[in-house]
Amino acid sequence: MDTVLLISQVIMGFALILAFVRVVRGPSLPDRVVALELFSTTVVGLVGVYAIQSGVASFLDAAIVIALMGFLAAIGFARFLERGGPRDD
Amino acid sequence: MIEAIKGGLLITGSLFMLLAAVGLLRLPDLLTRMHATTKAAALGVILIMLAAAMHFSEVGVVARSFAIIVFILMTAPVAAHVIGRAGYFVGSRLWSGTVKDELRPNYDPLTHELKSGLETQENAKRQPRANDPD
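See below:
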């Protein structure tokens, strides 16, 4: 079981690296926002795996909060994009 | 037995997340990238939370992981819709192989007016029904 947990953590860390490449390269601001949303979703998964690894179920509350923050950040970015404002992609 | 199911769920969920990241990196424009990340990452989180629920197998923890699943299922489409709409209106370029963009001929980005394509003189006439109140 420990090996499986380690493997899934490594895979998700690799996914975070790939998403970070898109954050750096992304040609426009909406692409970066999509990549950041994938970040928050992947971190929710990592926290879930860590909850299994450590045996502390309270980490799932942290996962709920992270998912909520990611959603609110996406909504806020979208409002910012549509309302206009100074942009420097 | 339950260990094997848990391990399978964990590995599959993390592989779906990796798939979402690869799609985000490899696909050509904003909308295709979003279609990869939203669905695959949501499925990955769902599988991992199912594994967590099976691992702890207490009422409170199962309820919390199902709350996370329901939350992801409700918020992922909304966030994708909002970001896709904003990206379209900001003017992010579509892929050169895009077959159909039905919004472009019918939508005026300056006045935010959406035409249906049926605005003829014939359709603009009032056609009273028999049971109209006036």
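Residue numbers (the working numbering), protein chains in the order written: chain X, 14 to 102; chain F, 2 to 135.
Built from N, CA and C at the ideal position, the CB exists for glycine as well.
If you're wondering where the values come from, they're calculated on a predicted model, not measured in any experiment.
Cβ-Cβ distance between residue i and residue j below 8 Å
i      : j      : result
F:K116 : F:N107 : yes
X:V57  : X:A80  : yes
F:I3   : F:M50  : no
X:M82  : X:S53  : yes
F:L28  : F:A42  : no
X:L73  : F:S66  : yes
F:L31  : F:S93  : yes
F:V91  : X:L49  : no
F:L16  : X:I24  : yes
Under 7 Å from the C-beta of residue i: neighbouring residues of chain F
i     : result
X:A32 : A22 and L25
Test: residue i CB closer than 8 Å to a CB of chain F
i     : result
X:M14 : yes
X:A75 : no
X:V56 : no
Short CB-CB distance (under 8 Å) between residue i and chain X
i      : result
F:G14  : yes
F:H56  : yes
F:M2   : no
F:V60  : no
F:R105 : no
F:I49  : yes
F:A125 : no
F:L19  : yes
F:T38  : yes
F:I6   : no
F:L11  : yes
Distance between residue j and residue i (C-alpha atoms, nearest Å)
i      : j      : result
F:T13  : F:T112 : 47 Å
X:I65  : X:S71  : 10 Å
F:A77  : X:A86  : 12 Å
F:L74  : X:R35  : 24 Å
F:V60  : F:I70  : 15 Å
F:L104 : F:R86  : 11 Å
X:A75  : F:F72  : 14 Å
X:G61  : F:P110 : 43 Å
F:R34  : F:K101 : 17 Å
X:V46  : F:P129 : 49 Å
F:V83  : X:I88  : 7 Å
X:Q22  : X:L59  : 7 Å
X:R17  : F:I6   : One point to set straight first is that residue 17 of chain X is Val, not Arg, in the sequence displayed. Roughly 11 Å separates the two Cα atoms.
F:M18  : F:G88  : 23 Å
Interface partners of residue i on chain F, CB under 9 Å
i     : result
X:A80 : V46, I69, F72, I73 and T76
X:S67 : The contacting residues do not exist; X:S67 stays about 11 Å from chain F at best.
Proximal residues of chain X, C-beta to C-beta of residue i below 8 Å
i     : result
F:T33 : Result: empty, since nearest Cβ-Cβ is about 11 Å, beyond 8 Å.
F:G98 : In chain order: nothing, as chain X lies at least about 17 Å away.
Contact set between residue i and chain F, taken where Cβ atoms lie within less than 8 Å
i     : result
X:V37 : Result: empty, since nearest Cβ-Cβ is about 11 Å, beyond 8 Å.
X:L19 : The premise fails here: X:L19 is roughly 10 Å from chain F at the closest Cβ pair, so nothing lies under 8 Å.
Amino acids of chain X, ordered along the chain, whose beta-carbon sits closer than 9 Å to that of residue i
i     : result
F:G88 : S41, L42, P43, D44, V46, V47, A91 and L94
F:L95 : Those within 9 Å of F:L95 in chain X number zero; the least Cβ separation is about 12 Å.
Chain-ordered neighbours of residue i on chain X, where CB pairs are closer than 7 Å
i      : result
F:T112 : Within chain X, no residue comes near F:T112; the closest Cβ sits about 15 Å away, beyond 7 Å.
F:A131 : Correct list: empty, because the minimum Cβ distance to chain X is about 44 Å.
Quick check: the stretch 11-31 of chain F against the stretch 25-41 of chain X, are there 3 or more CB pairs under 8 Å? yes
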